[in-house]
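Residue numbers (the working numbering): 3 to 454.
For every residue, glycine included, the Cβ atom is placed at its ideal position computed from N, Cα and C.
Worksheet for the structure shown next.
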């Protein structure tokens, strides 16, 4: 009787000890999962550093080529004299000016993109050929007499962001006569930079419709914007670049985007604009009305790599969990150092992905980095558990995980929905696999002790 009691007590202690070991090992594995997330912070910093380097290269190349362009005009600068009384009640003359914008403006253009290679980076540049047509028709405000206007100093102006972008001299056809625009603006109400030319105007031109035509060949970087500085205006753009971003406060009324390029149309009327065609004491914020297109490069390798790093806890956590379950089922314990090595292999995946994606397309880089990681961990599992079945399990699970993460990276609007459903399914499968683990070390075949 005493021998049996002692034996039963010893068996219970063994089971309790084994249960405690499983608990401690589980806690250690959880801590290791959190510890292995620390290197992912350094990977994120590395991604941001490389991305900043790319931005610096783009900025450097763009500054030598031409910056993003915003075009305004043409419009007329018309000075006039204003007579007022000074503090001594003596009349004095002050030179002020009017700004006259076209009644109608039609801009049609085509953008040709250029990809310039600088080191390992590609910089997106463009050349644009634009044709501006329209007409001016205006009357002076009632408080300004025609005799006070300095008609001989009238200038037609055209605003732009970067002079380096001008590829050919700008010659405007004004009333069927050519006038070459030269750098410099008579006033900065609308633009800080631009070109202008003296044009013939007289009181007899009031109320008449004067036509103009201007061909513009300009280059810039990524973005081309316009300011609809006209009573009624239409803009049409086309390009062979397949990835446009229509931005500004006005989206195209019509647009077509295909793999072979895009076309877009904007239309404005006097009812859309908060000003008339003759402007006095006018201060203008271009950003309030500017619109156009940004020729964006598809989500680059840095953005995608950064998104993939955010799922590191899923990859590391599930991989460690599966190793933990398999070692309990096969009773072949894995040392914490081995877990660290496995975790480092999972973290180095992101470093490989970043490095390879700078030379290959992201999809190809992801395939190479994931296959290398899956093969390494599967062979490591084979060497530890001494059978190919375990290696196959790890290979299959990691393949599914990396495929799942790749799908999430490619998705945009439905990423949250698909990710949540996928995580639920993964958790369910993990819970199903864990039910086969004898967590407390209880032998289900052992007889239940009888009392009495």
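For residue i, tell me which candidate among the options has the shortest Cα-Cα distance.
{"i": "residue 147", "options": "204, 126, 117 and 174", "result": "204"}
{"i": "residue 408", "options": "335, 325, 297 and 317", "result": "317"}
{"i": "residue 56", "options": "125, 393 and 98", "result": "125"}
{"i": "residue 2", "options": "296, 329 and 48", "result": "Any question about residue 2 goes unanswered here, given that the chain covers just 3 to 454."}
{"i": "residue 242", "options": "231, 258 and 250", "result": "258"}
{"i": "residue 79", "options": "370, 98, 48 and 395", "result": "98"}
{"i": "residue 123", "options": "108, 52 and 294", "result": "52"}
{"i": "residue 402", "options": "230, 378, 423 and 428", "result": "428"}
{"i": "residue 349", "options": "338, 335, 331 and 379", "result": "379"}
Measuring CB to CB, does residue i end up less than 7 Å from residue j?
{"i": "residue 268", "j": "residue 246", "result": "no"}
{"i": "residue 216", "j": "residue 197", "result": "no"}
{"i": "residue 225", "j": "residue 70", "result": "yes"}
{"i": "residue 188", "j": "residue 157", "result": "yes"}
{"i": "residue 222", "j": "residue 167", "result": "yes"}
{"i": "residue 135", "j": "residue 211", "result": "no"}
{"i": "residue 376", "j": "residue 397", "result": "yes"}
{"i": "residue 356", "j": "residue 49", "result": "yes"}
{"i": "residue 261", "j": "residue 276", "result": "no"}
{"i": "residue 424", "j": "residue 35", "result": "no"}
What separation, rounded to the nearest whole angstrom, lies between the Cα atoms of residue i and residue j?
{"i": "residue 208", "j": "residue 140", "result": "6 Å"}
{"i": "residue 372", "j": "residue 128", "result": "36 Å"}
{"i": "residue 236", "j": "residue 200", "result": "26 Å"}
{"i": "residue 265", "j": "residue 239", "result": "6 Å"}
{"i": "residue 368", "j": "residue 103", "result": "54 Å"}
{"i": "residue 2", "j": "residue 302", "result": "With the chain covering only 3 through 454, there is no way to say anything about residue 2."}
{"i": "residue 41", "j": "residue 119", "result": "32 Å"}
{"i": "residue 434", "j": "residue 44", "result": "35 Å"}
{"i": "residue 185", "j": "residue 62", "result": "24 Å"}
{"i": "residue 178", "j": "residue 214", "result": "7 Å"}
{"i": "residue 292", "j": "residue 251", "result": "7 Å"}
{"i": "residue 206", "j": "residue 232", "result": "22 Å"}
{"i": "residue 308", "j": "residue 354", "result": "13 Å"}
{"i": "residue 321", "j": "residue 399", "result": "8 Å"}
The beta strand (DSSP E) that contains residue i, what's its start and end?
{"i": "residue 134", "result": "123-138"}
{"i": "residue 266", "result": "263-270"}
{"i": "residue 234", "result": "234-241"}
{"i": "residue 176", "result": "173-176"}
{"i": "residue 200", "result": "196-200"}
Which word fits residue i, buried or exposed, when buried means at least 16 other C-beta atoms lie within 10 angstroms of its C-beta?
{"i": "residue 419", "result": "exposed"}
{"i": "residue 344", "result": "buried"}
{"i": "residue 410", "result": "buried"}
{"i": "residue 279", "result": "buried"}
{"i": "residue 116", "result": "exposed"}
{"i": "residue 220", "result": "buried"}
State the start and end residues of the unbroken alpha helix (DSSP H) segment that holds residue i.
{"i": "residue 331", "result": "314-332"}
{"i": "residue 308", "result": "303-311"}
{"i": "residue 338", "result": "338-359"}
{"i": "residue 382", "result": "364-387"}
{"i": "residue 53", "result": "40-67"}
{"i": "residue 397", "result": "390-412"}
Just to confirm, does residue i get its C-beta within under 6 Å of one of the non-hydrogen atoms of the ligand ZN?
{"i": "residue 265", "result": "Ligands displayed in this structure: none; no statement on the ligand ZN is therefore possible."}
Hey, does residue i have any beta-carbon neighbour from chain C nearer than 7 Å?
{"i": "residue 94", "result": "Considering every chain present, this structure includes no chain C. It has just one protein chain."}
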